[in-house]
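Numbering (this note's numbering), first residue to last: 251 to 810. Here's the structure, in structure tokens; my notes come after.
Have a look at this one:
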């Protein structure tokens with residue numbers, strides 16, 4: 251406890267970070283063995299109280315920073331309508347949260363610190379967790395300052411037996427706050443409903459076993475109507491003898507009604523898959539190894555299999571003669587606002603479906619004679635091991651995440667069986683780091699090649715801890731300041747992070763691989779002078795990378 255007292259008693263801002271770091275190392279280095287059971291529980295409870303108090307301190311700091319940053323922006327001549335831009339994003343970076351979460355934390359902190367002092371004191375004392383304090387703030391968000399003050403008194407009465415919100419469950423805390431808010435203003439539920447209706451959306455998140463969860467946040471009437479329609483369709487299909495379960499029919503009916511096609515292989519959209527050529531053609535290799543007597547040598551079996559599929563699989567490395575070339579498009583075209591994902595129309599695909607009969611291109615590795623990990627491997631051994639590793643590499647489905655290579659191959663086969671179109675695009679990667687370096691420019695029916703390269707390289711918003719889908723392709727160094735329109739100076743950002751970057755004091759630049767990992771690195775500097783580095787993920791996780799220099803991980807963002 252002496253270390254904790256030292257941290258809290260230190261009033262010198264210059265020493266505070268060092269005190270926190272020293273105390274943190276003391277916590278990490280103190281062994282946990284040898285304590286009695288009672289002492290173990292007591293320390294856990296004390297740390298929980300401390301954690302809550304730290305959350306309250308962060309809330310107060312967030313409000314103070316918001317005020318200071320808005321004043322600085324006003325002094326810099328920023329219009330009042332734009333003051334506050336970038337504040338939540340800086341808080342999110344400091345707390346290692348997404349910008350959306352940072353904005354939510356800031357809004358809750360303002361309510362608690364400004365309008366609910368009694369609840370805030372419970373938070374400061376460690377009696378309320380950050381989550382439960384946030385539940386209270388959310389329930390009173392639509393009340394004015396006077397209404398919030400009334401709820402604050404109701405939850406923390408000065409006389410009589412207090413409402414022990416510190417001992418309530420999450421659900422009980424939310425219910426108590428909602429009940430108190432309703433007594434203050436009975437129109438709150440109606441206004442909350444209207445506000446919630448304005449925030450309707452559809453989202454997709456990954457689920458285990460290459461499944462996904464498609465969610466729609468809808469007004470209750472529309473949600474009930476959608477579910478009733480799917481149930482009616484399932485009941486009708488079951489009555490007609492459909493062998494599928496009710497849930498399966500409802501899921502299939504939902505997909506068919508949204509996409510307009512009954513079979514997943516006939517979807518007229520681009521399925522953005524990233525996988526190695528070895529993983530793509532492994533089916534042919536496995537088939538050749540399984541039936542050598544019938545098909546002859548492995549190479550012959552592979553060739554026969556690929557030619558059999560080539561009627562429906564079009565290689566973008568051998569386009570038809572009448573295909574428009576993307577190489578004619580300037581690679582210096584602006585790309586600040588990426589166009590939407592538009593799939594090629596069925597008509598345009600059918601017009602060119604029979605104009606080429608080419609195999610998927612196999613990119614054979616032609617690398618150095620030795621593997622990065624050793625010097626005794628022969629060129630043949632090194633290439634063979636790389637091909638084997640590439641064959642085991644999972645595919646990456648843009649918008650979802652990693653999926654088994656076998657699943658990706660099965661999807662391709664299903665599309666071919668349904669007479670769909672499969673378009674293959676080569677991604678050229680660094681053989682050591684696995685970083686995307688360029689992209690095949692001879693494709694058709696796609697947006698500009700540079701946009702494709704950045705989307706494939708970055709995958710998600712490049713802001714640390716964000717993880718949102720890429721909406722804008724941005725110049726790291728602004729074009730107006732001399733930044734080039736090139737992959738090195740480009741980064742994929744979500745809409746929120748791209749707008750935050752326009753606030754005064756923000757800057758970003760591409761740095762030349764400071765850790766020697768062969769990765770594209772963007773360094774973002776915030777108005778306070780803190781810098782945050784973001785490295786693009788490697789496409790090929792099996793690729794060997796140069797080891798990073800030995801260093802102690804920083805506990806705080808770098809300044810200067």
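The beta-carbon is built from N, C-alpha and C at its ideal position, and this holds for glycine as well.
With fewer than 16 other Cβ atoms inside 10 Å of its own Cβ, residue 289 counts as exposed. When DSSP reads this structure, residue 466 sits in a beta bridge with 452.
For residue 490, the three-state secondary structure derived from DSSP is coil.
Of all alpha-carbon atoms in 651, 756, 655, the one lying nearest the alpha-carbon of residue 726 is that of 756. With 16 or more other Cβ atoms inside 10 Å of its own Cβ, residue 415 counts as buried. The beta carbon of residue 301 lies closer than 7 angstroms to none in the same chain, with the five residues before and after it left out. Buried is the label assigned to residue 782, since at least 16 other Cβ atoms lie within 10 Å of its Cβ. For the set 730, 708, 731, the Cα lying nearest the Cα of residue 720 is the one of 708.
If you check the CB distance, residue 774 and residue 784 come in under 8 angstroms. Assigned with DSSP and collapsed to three states, residue 378 falls in coil, not helix or strand. C-alpha of residue 507 to C-alpha of residue 494: approximately 17 angstroms in a straight line. Sixteen is the threshold: since fewer than 16 other Cβ atoms of the shown chains lie within 10 Å of the Cβ of residue 284, the residue is exposed. Apart from the 5 residues on each side of it in sequence, residue 442 sits with its Cβ closer than 7 angstroms to the Cβ of 392 in its chain, given in chain order.
CA-CA distance, residue 340 to residue 388, rounds to 22 angstroms.
Exclusion of the five residues before and after residue 749 leaves 335 as the residues of its chain whose Cβ lies within less than 8 angstroms of its Cβ. DSSP, reduced to helix, strand and coil, places residue 758 within a strand of the structure shown. Out of 367, 499, 448, 424, the CA that lies nearest to the CA of residue 407 is found in 367. Between residue 405 and residue 369, the gap from beta carbon to beta carbon is short of 8 angstroms.
Annotated three-state conformation of residue 447 is helix, per DSSP.
Counting only the Cα atoms, residue 653 lies some 42 angstroms from residue 315. The closest CA to that of residue 308, considering only 428, 383, 455, is found on 383. If the five residues before and after residue 429 are omitted, its C-beta is found closer than 8 angstroms to no C-beta atom of its own chain. The DSSP-derived three-state label of residue 724 is strand.
Burial is judged here by how many other beta carbons sit within 10 angstroms of a residue's own beta carbon; residue 751 has at least 16 and is buried. For residue 408, no alpha helix (DSSP H) segment is defined, and its DSSP state is neither H nor E. In this structure, DSSP gives residue 401 a helical state, which the three-state scheme calls helix. Taking 8 angstroms as the cut-off, the beta carbon of residue 431 is found no closer than this to the beta carbon of residue 474. Between residue 352 and residue 375, the C-beta gap is not smaller than 8 angstroms, which leaves the two residues out of contact. Rounded to the nearest whole angstrom, the C-alpha separation of residue 270 and residue 298 is 17 angstroms. Shortest Cα-Cα distance from residue 380 to any of 424, 306, 419 involves 306.
Annotation: residue 329 is outside any alpha helix (DSSP H) and is labelled neither H nor E by DSSP.
In the three-state reduction of the DSSP assignment, residue 280 falls in the coil class, being assigned neither a helical nor a strand state. In the DSSP assignment, the residues bridged to residue 771 are 761, 785.
Residue 453 and residue 347 have their C-alpha atoms roughly 20 angstroms apart. Comparing C-alpha distances from residue 466 to each of 362, 704, 449, 656 shows the shortest one belongs to 449. In this structure, DSSP gives residue 473 a helical state, which the three-state scheme calls helix.
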